[in-house]
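J.:
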Amino acid sequence: MITEIVEKGVYFIFSPVKKCSHISICIAEGLKKLGIPIFSNIDCWLIDLKNQEYLFKNDRQLHPNNCAIVVADIYFIEMTNNHPLFDLFYELNEEVILVIIDPNDSDHVLTG
Numbered sequence: 059m060i061t062e063i064v065e066k067g068v069y070f071i072f073s074p075v076k077k078c079s080h081i082s083i084c085i086a087e088g089l090k091k092l093g094i095p096i097f098s099n100i101d102c103w104l105i106d107l108k109n110q111e112y113l114f115k116n117d118r119q120l121h122p123n124n125c126a127i128v129v130a131d132i133y134f135i136e137m138t139n140n141h142p143l144f145d146l147f148y149e150l151n152e153e154v155i156l157v158i159i160d161p162n163d164s165d166h167v168l169t170g
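The opening position of the sequence shown corresponds to residue 59 in my numbering, with each subsequent residue numbered one higher.
#1: Given a threshold of 16 other Cβ atoms within 10 Å of its Cβ, counted over all protein chains shown, does isoleucine 105 qualify as buried or as exposed?
#2: Use the C-beta contact count for lysine 91: other C-beta atoms within 10 angstroms, 16 or more gives buried, fewer gives exposed.
#3: Which parts of the segment 59-94 are runs of the alpha helix (DSSP H), unbroken and 4 residues or longer, counting only runs that do not cross its ends?
#4: Where does isoleucine 132 fall in DSSP's three states?
#5: Can you list, in chain order, the residues of its chain whose CB lies under 7 angstroms from that of cysteine 84, leaving out five sequence neighbours each side?
#6: Put aspartate 145 into one of helix, strand or coil per three-state DSSP.
#7: Can you pull the DSSP bridge partners for aspartate 106?
#8: Could you check the C-alpha separation between isoleucine 100 and glutamate 152 for me, to the nearest Å?
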């Protein structure tokens with residue numbers, strides 16, 4: 059399982075409007091230090107201005123099904139309910155692990 063994650067990487071899905079949350083950035087930075095490739099539906103969080111390198115890289119030819127793990131940021135879910143991108147969850151292969159990041163607490167917790 060670990061080898062597959064290192065080989066295939068992790069795909070983060072963000073709202074094009076709200077971008078990425080702080081917790082997603084922290085998780086991705088840790089994964090990157092472990093040598094795990096990070097991908098995303100948008101370029102987000104510039105880490106090298108000179109080379110225009112982003113922590114979350116958008117590779118338009120890479121489908122989330124090609125990654126070992128798909129991480130959905132809560133802001134993506136809140137912003138895209140009834141949005142075509144939301145259908146992506148139903149298109150994922152059974153082998154892909156889906157993680158939803160929801161740092162909220164109290165009555166704002168995502169349920170469903």
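A virtual CB, placed ideally from N, CA and C, is assigned to each residue, including glycine.
T.: According to the data block:
#1: Exposed, since its Cβ has fewer than 16 Cβ neighbours within 10 Å.
#2: Counting C-beta atoms within 10 angstroms of its own C-beta, lysine 91 has fewer than 16 neighbours from the protein chains shown and is therefore classed as exposed.
#3: Scanning the segment 59-94 from its first residue to its last, the whole alpha helix (DSSP H) runs of 4-plus residues come out as 60-66, 80-91.
#4: In the three-state reduction of the DSSP assignment, isoleucine 132 falls in the helix class.
#5: Counting only Cβ-Cβ distances below 7 angstroms, and skipping sequence neighbours, we find nothing.
#6: Helix, per DSSP.
#7: Glu111, per the DSSP bridge assignment.
#8: Straight across, the Cα-Cα distance linking isoleucine 100 with glutamate 152 is about 24 angstroms.
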